[in-house]
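Trainee: Here's a structure for you.
In this note's numbering, the protein residues as written are 78 to 369.
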């Protein structure tokens, strides 16, 4: 075992890594442990800690990168501030490798063993941006790249102060499904905005999966397109409730809409509509005929 502390300067001093380095050399390979501070242009000093294993079959390991200090500040731009931390896990070998990781799903234990899939890259983290103390945005990200392709999940919250807030979460996949390229997307948005006599509270869901055989990104196979909306609007003395969806699932097109208008309980009006076609081609032909 070798132990060394010092400073590593890269790119004519543009990058500087200072800290402690541990190297273990065995018959099967080499293991490098890092506990250091990384200086980068624009960014505040970053803390880097983790372990990388180098074996005959490739490279594997886990590194955590974040801002130095309890606030984990990445960029301090005066009128805005960015903070956060990220986890990088890598396995280029032909075997599942086990590394130590932070337990993010329960309070204890703090650290757990994590199995890294063969030929995979995993990036996870969270960050927040604060602008003038009035607008705040924070979220998390999780990306997995393996032999099937790329899959990612994300959550984002935007706080606009007195105007309201917006929450967005979703998943996306670019994969190879039995030799066929597949794109899948699932995105949910929850919006609550208001200013004076006008306010809106609504939710939206967008789903796409081009695979006819497997579920990806939490979207059922055969869901070519699905968009659903539901919410309420308040404009002066008018209250409007609405919900609806438009989808093409297993070659069946369906359109639903439900709306309700209320004015001091004196004027009440509701509208409902449902259409279903067994093929999108029928819808195109109908639209062309109506246009003529």
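Note that CB positions come from ideal geometry on N, CA and C, so glycine has one too. Bear in mind that the values here come from a model prediction, so they are computed numbers and not experimental data.
Helix, strand or coil, according to DSSP, for residue 193 in the structure here?
Mentor: In this structure, residue 193 counts as strand in the three-state DSSP scheme.
Trainee: Which residues in the same chain as residue 223 place their Cβ atom closer than 7 Å to its Cβ, once the five residues preceding and following it in sequence are excluded?
Mentor: Correct list, in chain order: 194, 196 and 197.
Trainee: Is there contact between the region 250 to 258 and the region 266 to 285, where contact requires at least three CB pairs shorter than 8 Å?
Mentor: Verdict: no, contact absent.
Trainee: Classify residue 313 as helix, strand or coil using the three-state DSSP reduction.
Mentor: Of the three classes helix, strand and coil, the one that applies to residue 313 here is coil, per DSSP.
Trainee: Taking Cβ positions, are residue 261 and residue 293 nearer each other than 8 Å?
Mentor: Yes, the pair counts as a contact, with Cβ atoms nearer than the cut-off.
Trainee: So the candidates are 233, 298, 320 and 164; which of them puts its Cα closest to the Cα of residue 374?
Mentor: Given a span of 78 to 369 for the chain in the structure shown, any question on residue 374 remains unanswerable.
Trainee: With which residues is residue 148 paired in a DSSP beta bridge?
Mentor: Residue 148 pairs with nothing; no bridge assigned.
Trainee: Please state the DSSP three-state secondary structure of residue 386.
Mentor: Only positions 78 to 369 of the chain appear in the structure, and residue 386 is not among them; the question remains open.
Trainee: Assess contact between the region 204 to 220 and the region 171 to 178, defined as three or more Cβ pairs (one per stretch) separated by less than 8 Å. Is contact present?
Mentor: The region 204 to 220 vs the region 171 to 178: no contact.
Trainee: Buried or exposed: which applies to residue 151, given that a residue is buried once 16 or more other Cβ atoms fall within 10 Å of its Cβ?
Mentor: Residue 151 is buried by the Cβ-count criterion.
Trainee: Report the rounded CA-to-CA distance for residue 154 versus residue 272, giving the unit in angstroms.
Mentor: So the two alpha carbons sit approximately 29 Å from each other.
Trainee: Between the beta-carbon of residue 238 and the beta-carbon of residue 278, is there less than 8 Å?
Mentor: No, the Cβ-Cβ distance between residue 238 and residue 278 is not below 8 Å.
Trainee: Grouping DSSP H, G and I as helix and E and B as strand, with all else coil, what is residue 238?
Mentor: Three-state DSSP puts residue 238 in a helix.
Trainee: Within its chain, find whatever has a CB closer than 6 Å to the CB of residue 317; leave out the 5 residues flanking it on each side and keep chain order.
Mentor: Same-chain partners within the cutoff: 310 and 338.
Trainee: With distances taken Cα to Cα, identify the nearest neighbour of residue 149 among 129, 114 and 233.
Mentor: Per the Cα distances, 114.
Trainee: For residue 248 and residue 281, I'd like the C-alpha separation in whole angstroms.
Mentor: Each residue's Cα considered, the two are about 14 Å apart.
Trainee: Go ahead and pull the three-state DSSP assignment for residue 349.
Mentor: Residue 349 falls in the strand class under three-state DSSP.
Trainee: Just the Cα atoms here: how many angstroms apart are residue 298 and residue 120?
Mentor: Going by the C-alpha atoms only, they are around 43 Å apart.
Trainee: Can you tell me whether residue 102 is buried or exposed? The criterion is at least 16 other CB atoms within 10 Å of its CB, across all chains shown.
Mentor: Under this definition residue 102 is an exposed residue.
Trainee: For the ligand ADP, is there a heavy atom less than 7 Å away from the beta-carbon of residue 150?
Mentor: The ligand ADP is not among the ligands present in this structure, which contains no ligands whatsoever.
Trainee: Classify residue 112: buried if its beta carbon has 16 or more other beta carbons within 10 angstroms, exposed otherwise.
Mentor: Answer is exposed; the Cβ neighbour count stays below 16.
Trainee: Hey, out of 304, 331 and 245, whose CA is closest to residue 284's CA?
Mentor: Taking only the C-alpha atoms, the option nearest residue 284 is 304.
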